[in-house]
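Engineer: After the structure tokens below, expect a handful of questions from me.
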Amino acid sequence: MNPYILAILLFGLGLGTTITFASSHWLLAWMGLEMNTLAIIPLMAQHHHPRAVEATTKYFLTQAAAAATLLFASVTHAWLTGQWEIQQIMHPLPNTMITLALALKIGLAPLHAWLPEVLQGLDLTTGLILSTWQKLAPFALILQIQPSNSALLIILGLASALVGGWGGLNQTQLRKILAYSSIAHLGWMILVLQFSPSITLLTLLTYFIMTFSTFLVFKLNNATNINTLATSWTKAPALTALTPLILLSLGGLPPLTGFMPKWLILQELTKQGLSPTATLAALSALLSLYFYLRLSYAMALTISPNNLTGTTPWRLPSAQLTCPLAASTAMTICLLPLTPAVSALLTS
């Protein structure tokens with residue numbers, strides 16, 4: 187892709203998210219979301235592969251449906267109450283419709299079916315943008331409206347945590363596994379949203395760091411399925427030794443960074459008297475942990491008996507920058523000791 191066009195598209199992505207962040211009016215927020223969607227579509231379809239074009243079409247249709255629902259709900263709210271302010275969503279009907287539209291935008295269960303299919307058709311770089319940056323603007327809106335229907339949020343959160351666990355169990359494609367991982371993490375964030383928005387933001391931040399590390403590892407190894415991971419030890423032995431720690435951090439295993447948000451969320455849910463919800467969420471984390479362990483086993487504990495058919499992974503130096511990967515890996519593995527400081531910040 188022409189670097190000037192790429193710069194314009196990335197600028198459009200940033201501008202769309204910034205407009206949504208800065209807006210207090212529903213029409214401006216909707217415009218920011220639309221700019222976001224339209225800026226990423228050329229990035230998704232840039233390889234002209236049938237799978238990429240199919241993924242782009244699916245993404246466009248789901249995002250258009252979500253945006254139309256959002257616009258309809260905000261117009262309905264303005265008609266019912268005369269208010270266009272984002273933080274003045276008082277009426278339960280538009281509130282629920284907007285919550286569901288934003289859930290479709292980010293891929294919460296049961297509105298998640300598009301996410302694994304779309305991510306599977308993209309290259310790893312665009313997949314990383316879709317899994318991280320594209321979640322920011324809808325999340326900012328969810329945090330601002332503070333959905334009034336608490337039962338709906340808990341149902342969405344638990345369904346996402348369970349679907350994210352169950353869905354990833356039988357997958358062999360890494361991008362689909364990461365899509366289900368994304369659904370499960372979003373479920374955890376939505377569960378605690380109404381009780382502690384600051385913990386939700388912390389979870390979102392740690393999810394971004396861990397997902398960034400995972401995508402960069404797979405990109406460095408040029409791996410898109412589990413079998414390809416088994417050949418990675420010849421290309422980057424030190425990284426292959428560290429990758430299981432990154433994956434187990436995504437699974438939320440102590441003493442890694444990923445344990446911190448899960449710990450704080452379970453603590454908050456228990457404080458709010460939602461012990462059964464906390465128990466179900468913790469059990470769903472075990473499902474996710476299984477497929478992360480499966481990836482770790484395939485990558486670090488098995489040796490591929492022969493090279494895979496197709497492109498032989500020649501041991502040439504990678505063109506990818508390793509500094510971002512080193513920094514994000516260190517954060518993915520080592521930040522758990524900061525939990526007391528984070529807790530003090532959250533409660534202050």
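So for the sequence shown, this note's numbering puts the first residue at 187; every next one is plus one. Beta carbons are placed, not taken as given, at the ideal position from N, Cα and C, and that holds for glycine.
How many angstroms separate the CA atom of G496 from the CA atom of T414?
Structural biologist: For this step, residue 496 is matched to residue 310 along the sequence shown. For this step, residue 414 is matched to residue 228 along the sequence shown. Note that G496 scores 46 on pLDDT, short of 50, meaning its location in the model is unreliable and no value can be drawn from it.
Engineer: Nearer than 7 Å: is that true of the beta carbon of R237 relative to any heavy atom of the ligand HEM?
Structural biologist: No copy of the ligand HEM appears in this structure; indeed no ligand is present at all.
Engineer: Give the DSSP-derived three-state secondary structure of H211 in the structure shown.
Structural biologist: Here residue 211 refers to the residue found at position 25 of the sequence shown. It is a strand residue.
Engineer: On the criterion of 16 or more Cβ atoms from any shown chain inside 10 Å, does P324 qualify as buried, or is it exposed?
Structural biologist: Walking along the sequence shown from the start, residue 324 turns up at place 138. P324 should be labelled buried.
Engineer: Check this for me: beta carbons of A422 and L402, under 8 Å apart or not?
Structural biologist: Residue 422 sits at position 236 when you count from the first residue of the sequence shown. Residue 402 sits at position 216 when you count from the first residue of the sequence shown. Not closer than 8 Å, so no.
Engineer: Return the CA-CA distance between G200 and N222, expressed in angstroms with no decimal places.
Structural biologist: The count along the sequence shown starts at 1 and reaches residue 200 at position 14. The count along the sequence shown starts at 1 and reaches residue 222 at position 36. Their Cα atoms are separated by approximately 8 Å.
Engineer: Give the straight-line distance between the Cα atoms of T386 and I376, rounded to the nearest whole angstrom.
Structural biologist: Sequence index remark: in the sequence shown, residue 386 carries index 200 (1-based). Sequence index remark: in the sequence shown, residue 376 carries index 190 (1-based). Straight-line Cα distance between these residues: approximately 7 Å.
Engineer: Helix, strand or coil for N281? Go by DSSP, reduced to three states.
Structural biologist: Working through the sequence shown from its first residue, we reach residue 281 at position 95. It is helical.
Engineer: E271 bridges to which residues according to DSSP?
Structural biologist: Locating residue 271 in the sequence shown gives position 85, where the first residue counts as 1. Bridge partners of E271: H211.
Engineer: So, do the stretch 287 to 294 and the stretch 236 to 247 have three or more beta carbon pairs nearer to each other than 8 Å?
Structural biologist: Taking 8 Å as the limit for Cβ pairs, the verdict is that the stretch 236 to 247 does not touch the stretch 287 to 294.
Engineer: By the three-class DSSP mapping on this structure, what secondary structure does N407 have?
Structural biologist: Position 221 of the sequence shown holds residue 407. It is coil, neither helix nor strand.
Engineer: Three Cβ pairs or more, each shorter than 8 Å: is that satisfied between the stretch 339 to 353 and the stretch 471 to 485?
Structural biologist: Counting Cβ pairs under 8 Å, three or more are found: they touch.
Engineer: For L522, which of L388, T242, A254, A208 has the nearest alpha-carbon?
Structural biologist: Your numbering for residue 522 matches position 336 in the sequence shown. The shortest Cα separation from L522 among L388, T242, A254, A208 belongs to L388.
Engineer: Using DSSP with H/G/I as helix, E/B as strand and the rest coil, what is Q359?
Structural biologist: As a first step, residue 359 is located in the sequence shown; it is residue number 173 there, counting from the start. Residue state, collapsed to three classes: strand.
Engineer: Quick test of your reading: G431 and I519, contact by CB under 8 Å. State the CB separation rounded to the nearest angstrom.
Structural biologist: Residue mapping note: residue 431 aligns to position 245 of the sequence shown, counting from 1. Residue mapping note: residue 519 aligns to position 333 of the sequence shown, counting from 1. Looking at the sequence itself, residue 431 is Leu, so the reference to Gly does not match. Sure, about 5 Å apart at Cβ, within 8 Å.
Engineer: Tell me whether K448 is buried or exposed, calling it buried when 16 or more other Cβ atoms sit within 10 Å of its Cβ.
Structural biologist: Within the sequence shown, residue 448 is the residue found at index 262, counting from 1. Buried.
Engineer: For S346, I'd like the list of residues in its chain whose CB is within less than 6 Å of its CB, leaving aside the five on either flank, ordered along the chain.
Structural biologist: Residue numbering aside, residue 346 sits at position 160 when the sequence shown is read from its first letter. Within the same chain, S346 has close Cβ partners L294, A295, I369, L372, G373.
Engineer: Is DSSP giving G202 helix, strand or coil here?
Structural biologist: Residue mapping note: residue 202 aligns to position 16 of the sequence shown, counting from 1. Reduced to three states, the DSSP call for G202 is helix.
Engineer: Would DSSP call Q538 helix, strand or coil?
Structural biologist: Nothing can be reported for residue 538, as the shown portion of the chain is limited to 187 through 534.
Engineer: Hey, could you find the ends of the alpha helix (DSSP H) G438 is sitting in?
Structural biologist: Mapped onto the sequence shown, residue 438 falls at position 252. Careful: G438 lies outside any alpha helix (DSSP H) and carries neither H nor E.
Engineer: For the candidate residues T282, Q320, L214, whose alpha-carbon lies nearest to that of I226?
Structural biologist: Taking the first residue of the sequence shown as position 1, residue 226 is located at position 40. Looking at the Cα atoms, Q320 is the closest of the given residues.
Engineer: Keeping to the same chain, check which residues put their C-beta closer than 8 Å to that of L452; ignore five residues upstream and five downstream.
Structural biologist: As a first step, residue 452 is located in the sequence shown; it is residue number 266 there, counting from the start. Taken in chain order, the residues that qualify are A464, A467, A468.
Engineer: On the three-state DSSP scale, how would you describe Q380?
Structural biologist: As a first step, residue 380 is located in the sequence shown; it is residue number 194 there, counting from the start. The answer is coil: DSSP assigns Q380 none of H, G, I, E or B.
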